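What follows is a single structure, written as C-alpha cells, with notes after it.
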Amino acid sequence: MQEFEEQTLKVRIEESQCAACESKACIAACKTYARGMLVLKDGVYPMVAGEAKRLGTECLACEYECRLRGKGAISIDAPIPGLAEYRKKLGIA
Ligand code: SF4
Numbered sequence: 002m003q004e005f006e007e008q009t010l011k012v013r014i015e016e017s018q019c020a021a022c023e024s025k026a027c028i029a030a031c032k033t034y035a036r037g038m039l040v041l042k043d044g045v046y047p048m049v050a051g052e053a054k055r056l057g058t059e060c061l062a063c064e065y066e067c068r069l070r071g072k073g074a075i076s077i078d079a080p081i082p083g084l085a086e087y088r089k090k091l092g093i094a
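Numbering (the numbering used here), first residue to last: 2 to 94.
Given below as C-alpha cells:
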C-alpha cells in the first residue's frame, strides 16, 4: 500500500492490483489533467515523482480513471470541513 498527501487529500494506491492492469490509466490521467506527478515504476505500478503536497492539483483524475479503466486500486479521501454539520442541518445526515 502506497499513501501520499496533497494539500487536503490523502491518496492510497493498492499496488497489488497494478500488475494485472493493462491500461495504466492513472499515469495518462495525471499527465492529461494534472501535472504528471504519477510515473510508472518498474513498468508496473504508479509512484509519485516529486513533492505531492506541492505538485498535487487535487483533480481526482487518477482515481476516476483507475475505477473506469484500471483495477480500482486508487482511493482518495477528500474531507470537506463542515459537511457533516451541513447535512445534519438539512436533515440528510
Ligand atoms: S490504473 Fe489503477 S490499477 Fe492501473 S496501474 Fe494505475 S493505479 Fe494501478
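Positions of the beta carbon are idealized from the N, C-alpha and C atoms, including for glycine. Since the structure is predicted, the reported quantities are computational estimates derived from the model, not experimental observations.
Point to revise | Residue from 94, 28, 77 whose Cα sits closest to the Cα of residue 84 | key: 94
Note to self: In this structure, how does DSSP classify residue 64 when only helix, strand and coil are distinguished?
What the structure shows: helix
**Asked** Enumerated in chain order, which unbroken segments of the beta strand (DSSP E) with a length of 3 residues or greater are wholly contained in the stretch 27-65?
**Response** 39-42, 46-49
Subject >> 8 Å Cβ shell around residue 54 - same chain, five flanking residues per side excluded >> reply: 6, 7, 8
message: Between which two residues does the beta strand (DSSP E) holding residue 6 run?
response: 3-6
So, at 7 Å on beta carbons, what are the nonlocal neighbours of residue 67 in its own chain, with the 5 sequence-adjacent residues on each side left out? 26, 27, 73, 74, 75
| message | Taking the alpha-carbon of residue 34 as reference, which of 13, 57, 42 has the nearest alpha-carbon? | response | 57
Along the beta strand (DSSP E) that carries residue 102, what are the first and last residues, could you check?
-> Absent from the model: residue 102. The displayed extent of the chain is 2 to 94, so no value can be given.
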